[in-house]
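In our numbering, the protein residues as written are 1 to 91.
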């Protein structure tokens, strides 16, 4: 089963300022933080790149041991939102 997961920037990013130093914009770079989920908080790393007028991204930590592509990445002030396709186990 495929399910879309909206990843809001409320994922408590603990900014790695070195990712921002020299960045051309506010979002591009490597971010480390914690992701709040129904299963609790877990560490995550997100990498964002400027792509034309928008952004692309990927995340390590949404699913243990995997890298997930982030789609429809949007920056609105200090809030980042994105979508990710995740496989969920069938019960």
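Just so you know, even glycine gets a beta-carbon here, dropped at the ideal spot from N, CA and C.
Quick one: what does DSSP say residue i is sitting in, helix, strand or coil?
{"i": "residue 23", "result": "At residue 23 the pLDDT is 47, less than 50, meaning the model places this residue with poor confidence; the figure from the coordinates comes in the next sentence. Here residue 23 sits in coil by DSSP."}
{"i": "residue 64", "result": "coil"}
{"i": "residue 38", "result": "coil"}
{"i": "residue 28", "result": "coil"}
Taking 8 angstroms as the threshold (C-beta atoms), are residue j and residue i in contact?
{"i": "residue 61", "j": "residue 42", "result": "yes"}
{"i": "residue 63", "j": "residue 45", "result": "no"}
{"i": "residue 73", "j": "residue 55", "result": "yes"}
{"i": "residue 75", "j": "residue 26", "result": "yes"}
Going by Cα to Cα distance, which pick from the options is closest to residue i?
{"i": "residue 28", "options": "39, 47, 63", "result": "47"}
{"i": "residue 49", "options": "78, 39, 70", "result": "70"}
{"i": "residue 85", "options": "75, 57, 79", "result": "57"}
Given the structure, does residue i come close to the ligand ADP, in the sense that its CB is under 7 angstroms from one of the ligand's heavy atoms?
{"i": "residue 41", "result": "This structure lacks the ligand ADP; in fact it carries no ligand of any kind."}
How would you call residue i, buried or exposed, if buried means at least 16 neighbouring beta carbons within 10 angstroms?
{"i": "residue 59", "result": "buried"}
{"i": "residue 82", "result": "buried"}
{"i": "residue 52", "result": "exposed"}
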